[in-house]
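Participant: Protein chains in written order, with numbering that gives the first Met the number 0: chain A, 0 to 420; chain B, 0 to 231.
Quick one: the structure is below, questions incoming.
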Amino acid sequence: MYGGLHSPRSLPSPSALLDLAREFTPRVEARGPTPVLLDLFGLGRVWPTPQALGQAILVAAQGRQIEAQVALAWSRATALVLARGRPGLTIVSPGKEAEALAPLPLALLDLDLERSELFARWGLRTISDLARLPVAGLAERLGPDGPRLLGLARGEDDGLFVPTAAPVAFEMALELDWPVDGLEPLSFLLARVLEPLCAGLAARGRRAATLTVDLGLVDGSTHRRALRPAAPSGEPRTWRTLVLLDLEAHPPRDAVQAIAVRAEPTPARSVQFSLLDPAQPSPERLAETMARLHSWTAAGRGGAAALLDTHRPGAFAVGTFAPGPVTPRAPAPGSPRVALRAFRPPRPARVALRDGAPAFVAAAGVRGAVVDHAGPWRASGDWWDVAWSREEWDVALLGGGVYRIFRDRLREAWFVEGELD
Amino acid sequence: MSTAATVKSALEDLLKARRLSADAPPLRGEDRRGRPLPTGVATIDAMLFGGFPRGQLSEVHGPASSGRTGLVLALLARSTGGGALAAFVDPDDRLDPSSAAAAGVALARLLWLRGQKGLAEAVAAVGTLAGSGLFETVVLDLAGVPEAERRLPGATWIRLQRTVEDGPTALVLLADRHVACGPGGVSLALAPAGPRWSGASGPGRLLSGLRARATAGRHVLRRADLLLRTLA
Numbered sequence: 000m001y002g003g004l005h006s007p008r009s010l011p012s013p014s015a016l017l018d019l020a021r022e023f024t025p026r027v028e029a030r031g032p033t034p035v036l037l038d039l040f041g042l043g044r045v046w047p048t049p050q051a052l053g054q055a056i057l058v059a060a061q062g063r064q065i066e067a068q069v070a071l072a073w074s075r076a077t078a079l080v081l082a083r084g085r086p087g088l089t090i091v092s093p094g095k096e097a098e099a100l101a102p103l104p105l106a107l108l109d110l111d112l113e114r115s116e117l118f119a120r121w122g123l124r125t126i127s128d129l130a131r132l133p134v135a136g137l138a139e140r141l142g143p144d145g146p147r148l149l150g151l152a153r154g155e156d157d158g159l160f161v162p163t164a165a166p167v168a169f170e171m172a173l174e175l176d177w178p179v180d181g182l183e184p185l186s187f188l189l190a191r192v193l194e195p196l197c198a199g200l201a202a203r204g205r206r207a208a209t210l211t212v213d214l215g216l217v218d219g220s221t222h223r224r225a226l227r228p229a230a231p232s233g234e235p236r237t238w239r240t241l242v243l244l245d246l247e248a249h250p251p252r253d254a255v256q257a258i259a260v261r262a263e264p265t266p267a268r269s270v271q272f273s274l275l276d277p278a279q280p281s282p283e284r285l286a287e288t289m290a291r292l293h294s295w296t297a298a299g300r301g302g303a304a305a306l307l308d309t310h311r312p313g314a315f316a317v318g319t320f321a322p323g324p325v326t327p328r329a330p331a332p333g334s335p336r337v338a339l340r341a342f343r344p345p346r347p348a349r350v351a352l353r354d355g356a357p358a359f360v361a362a363a364g365v366r367g368a369v370v371d372h373a374g375p376w377r378a379s380g381d382w383w384d385v386a387w388s389r390e391e392w393d394v395a396l397l398g399g400g401v402y403r404i405f406r407d408r409l410r411e412a413w414f415v416e417g418e419l420d
Numbered sequence: 000m001s002t003a004a005t006v007k008s009a010l011e012d013l014l015k016a017r018r019l020s021a022d023a024p025p026l027r028g029e030d031r032r033g034r035p036l037p038t039g040v041a042t043i044d045a046m047l048f049g050g051f052p053r054g055q056l057s058e059v060h061g062p063a064s065s066g067r068t069g070l071v072l073a074l075l076a077r078s079t080g081g082g083a084l085a086a087f088v089d090p091d092d093r094l095d096p097s098s099a100a101a102a103g104v105a106l107a108r109l110l111w112l113r114g115q116k117g118l119a120e121a122v123a124a125v126g127t128l129a130g131s132g133l134f135e136t137v138v139l140d141l142a143g144v145p146e147a148e149r150r151l152p153g154a155t156w157i158r159l160q161r162t163v164e165d166g167p168t169a170l171v172l173l174a175d176r177h178v179a180c181g182p183g184g185v186s187l188a189l190a191p192a193g194p195r196w197s198g199a200s201g202p203g204r205l206l207s208g209l210r211a212r213a214t215a216g217r218h219v220l221r222r223a224d225l226l227l228r229t230l231a
């Protein structure tokens, strides 16, 4: 037996009817917020008569402040149409479907505008008007849609029952009989919640993009940590390591009484690597390694550098280290390039000039007479913001070493920018 | 039977027996040792018999302006340009990303750990990076670190050598003077041979490069001259 559940009034929530239907059976097909179709086969042991079952659904709806219309029938189409067309509870015996549908208006069959206008021109008003038409004539005029509509008007099912999947929450929780203190015992308990969680994710072809760990503490508070590695993972071992590394850096202030983990699922990645490029690192292992370097990356002192689109010397930003796919690059120059070993910040210097050029440089760690030089090279910019203007020199010192020095023309001060190496 | 046919036949036999795995015995003539990492500088690569060895602790050392940073950046450029990952641990925060990009380093594939956490933490980070096996080249920049701060337990370098041993990573120390070198690693000493200028003294003159002399090996010394350019 099938049940049709409909509410003519607005619902407290879009899934209110679906939630109500799931109280009676897990096999539920939603046609939007309303109506909802219930597969009621096998419920005769709990509710001996269809009347008792229908009343139970109506009572449950009243308890949820839902004005419900319920129809129980042996065909899905009949249950759905009657639920929308008749108030209260309607029960249809087997074989009486067409008779029950007959007086209802044709609009309940969800016809499109073109069909509705056509049937109105034919003078059809009720479902019985349509059900009485000859099938051959309808098929000649409407094609395959004609027999289908006729079957619907006679309460015959078309298509299959397609159950609506219940939303899956990827959550696991563990209540402990005795509180645990320290990370080592916690690691075993984390494995007990993470392994089934990751198995559930894998069964649905998902990975966890983020993992929220709630540790219920003995003092009644909750220690919450949210982890979001560079790449989603479905490996319980990786997640356990990431959680433990994070808890090492941010330990709970009291013993742990309960553990709850919640994963934010994301579709599993499918990446086709090239046979010709080097093998790329496993995202899980990279995330684990980066978590081990948390003390560097958290302080913003670790990551991948990126040059900024500016002429200001030495401008760069450090972002998250997340190497993407390999992109073809021009081969590196055959001859090595001179590199600057920067002093951050540039070291203030005292510079003696001879004929307008540096003759002696003295700064922290850098001191000597200038034996040769190149320059000056002037550069300036950002006049609309924090302006800079400088005069650069490359100087070779008597004691060895070639340095880049500059005169800040706005502050009238000399600095050593770095060593050329 | 030709060598290629022999190898093909042996491979097919292993496939049939489902024994083609990393722990299978090497095929005849198969060299399982990882290829050394070249710097792309022909004279240096020839001197090092191909480049810096994987699974070994090597070093590049020399005084200021001897070209040690330029040479290490050339190694990183080859490594990251080929699609591998590299790391630069920089306790003194001296790396200039503009210079690295100009040398051809793919900055997105270079993990840069920079500064002011102390040498012990930097060495621990190197251990983590080298032990992960994800990075083809890991560089620890010790150049310019004061002698007092550079004092580390004697077993530090032995431990790092053991960490990278048999792995795909080449661990390279960049220093002012000799620090440590693994049993199969290379110790490359650079000595400055003076800067090269673009013309006569006066306005408009440019520093066009740095000349250096490289010496490698501990028992049989091999030497090569090196020129680092400022312009392409």
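From the three backbone atoms N, C-alpha and C, an ideal C-beta is built for every residue, glycine too.
The structure displayed is predicted, hence computed values, not measured ones.
1. Rounded to whole angstroms, what's the CA-CA distance from A:Ala15 to A:Tyr1? Just pull it up for me.
2. What does B:Trp196 reach in chain E if we use C-beta pairs closer than 8 angstroms?
3. Specify the secondary structure class of B:Met46 as computed by DSSP and reduced to three states.
4. Out of A:Arg223, A:Pro266, A:Pro235, A:Arg261, point me to the one whose CA is closest to A:Pro251's CA.
5. For A:Ala286, I'd like the list of residues in its chain whose CB is within less than 8 angstroms of its CB, leaving aside the five on either flank, ordered along the chain.
6. Would B:Arg222 pass as an interface residue toward chain A - the criterion being a Cβ-Cβ separation below 8 angstroms?
7. Using a Cβ-Cβ distance cut-off of 8 angstroms, determine whether A:Thr424 contacts chain B.
8. At a CB-CB cut-off below 8 angstroms, which residues of chain B make contact with A:Phe315?
9. With 8 angstroms set as the bound, which would you pick, yes or no: does the beta-carbon of B:Arg228 sit closer than that to a beta-carbon of chain A?
10. Nearest chain A C-beta to B:Pro152 closer than 8 angstroms, yes or no?
11. Apart from the five residues on each side of it in sequence, which residues of its chain come closer than 8 angstroms, Cβ to Cβ, to A:Leu81?
12. Which chain B residues are close to A:Glu418, counting only those with a beta carbon under 7 angstroms from its beta carbon?
13. For A:Val401, I'd like the list of residues in its chain whose CB is within less than 6 angstroms of its CB, leaving aside the five on either flank, ordered along the chain.
14. Whose CA, out of A:Ala207, A:Pro166, A:Gln61, lies closest to the CA of A:Pro264?
15. Are there 16 or more other CB atoms within 10 angstroms of the CB of A:Pro159, so buried, or fewer, so exposed?
16. Can A:Thr326 and A:Gly302 be called in contact, C-beta distance under 8 angstroms?
17. If the cut-off is 9 angstroms on Cβ atoms, which residues from the segment 280 to 304 of chain A count as contacting chain B, listed in chain order?
18. According to DSSP, is A:Gly84 helix, strand or coil?
19. State the Cα-Cα distance for the pair B:Thr168 and B:Ala129, rounded to the nearest angstrom.
20. On a CA-only basis, which of A:Leu112, A:Leu57, A:Arg261 is nearest A:Ala172? Give me that one, please.
21. Less than 8 angstroms between CB atoms is the rule here; does B:Ala102 satisfy it with respect to chain A?
22. Please name the residue, chosen from B:Ala123, B:Thr127, B:Arg222, that lies closest to A:Arg284 on a Cα-to-Cα basis.
23. Would A:Val192 be called buried (16 or more neighbouring beta carbons within 10 Å of its own) or exposed?
24. Express the C-alpha separation of B:Glu146 and B:Thr162 in angstroms, rounding to a whole number.
25. By Cβ distance below 6 angstroms, which residues in the same chain neighbour B:Ala231 in space, the five residues on each side in sequence not counted?
26. By DSSP's criteria, B:His60 is part of a beta bridge. Which residues make up the other side?
27. Show which residues of chain A have a CB atom less than 8 angstroms away from the CB atom of B:Ser242.
28. Would a C-beta distance cut-off of 8 angstroms place B:Arg113 and B:Asp89 closer than the cut-off?
29. Span of the alpha helix (DSSP H) holding B:Val122?
30. Does any residue of chain B bring its CB to less than 8 angstroms from the CB of A:Leu339?
31. Give me whichever residues DSSP pairs with A:Met171 in a beta bridge.
32. Identify the continuous alpha helix (DSSP H) that holds A:Gln54 and give its terminal residues.
33. What separation, rounded to the nearest whole angstrom, lies between the Cα atoms of B:Leu94 and B:Ala102?
34. May I ask you to list the residues that DSSP assigns as paired with A:Glu387?
35. DSSP three-state label for A:Ile404, please.
36. State yes or no: is the beta carbon of B:Val163 nearer than 8 angstroms to at least one beta carbon in chain A?
Facilitator: The answer reads as follows:
1. 19 angstroms
2. Absent from the structure is chain E; the protein chains it does hold are A and B.
3. helix
4. A:Arg223
5. Pro228, Ala229, Ala230, Ser232, Thr237, Leu241
6. no
7. The structure shown does not extend to residue 424 of chain A, since chain A is modelled only from 0 to 420, so the question has no answer here.
8. Pro96, Ser97
9. yes
10. no
11. Gly3, Ala70, Ala72, Thr89, Val91, Ala99, Leu100, Leu103
12. Ala63, Ser64
13. Ala395, Leu419
14. A:Ala207
15. Looking at the sequence itself, residue 159 of chain A is Leu, so the reference to Pro does not match. So A:Leu159 ends up on the exposed side.
16. no
17. Pro280, Ser281, Arg284, Leu285, Glu287, Thr288, Met289, Arg291, Leu292, Ser294, Trp295, Thr296, Ala298, Arg300, Gly301, Gly302, Ala303, Ala304
18. helix
19. 6 angstroms
20. A:Arg261
21. yes
22. B:Thr127
23. buried
24. 25 angstroms
25. Residue confidence for B:Ala231 is low, a pLDDT of 49 falling below 50, so the modelled location carries little weight; the figure read from the coordinates is stated next. Contacts found: none.
26. B:Ala174, B:Ala188
27. As shown, chain B starts at 0 and ends at 231. That puts residue 242 of chain B outside it, with no answer to give.
28. yes
29. 118 to 131
30. yes
31. A:Val260
32. 49 to 62
33. 12 angstroms
34. The displayed chain sequence assigns Trp, not Glu, to residue 387 of chain A. Bridge partners of A:Trp387: A:Gly380.
35. strand
36. no
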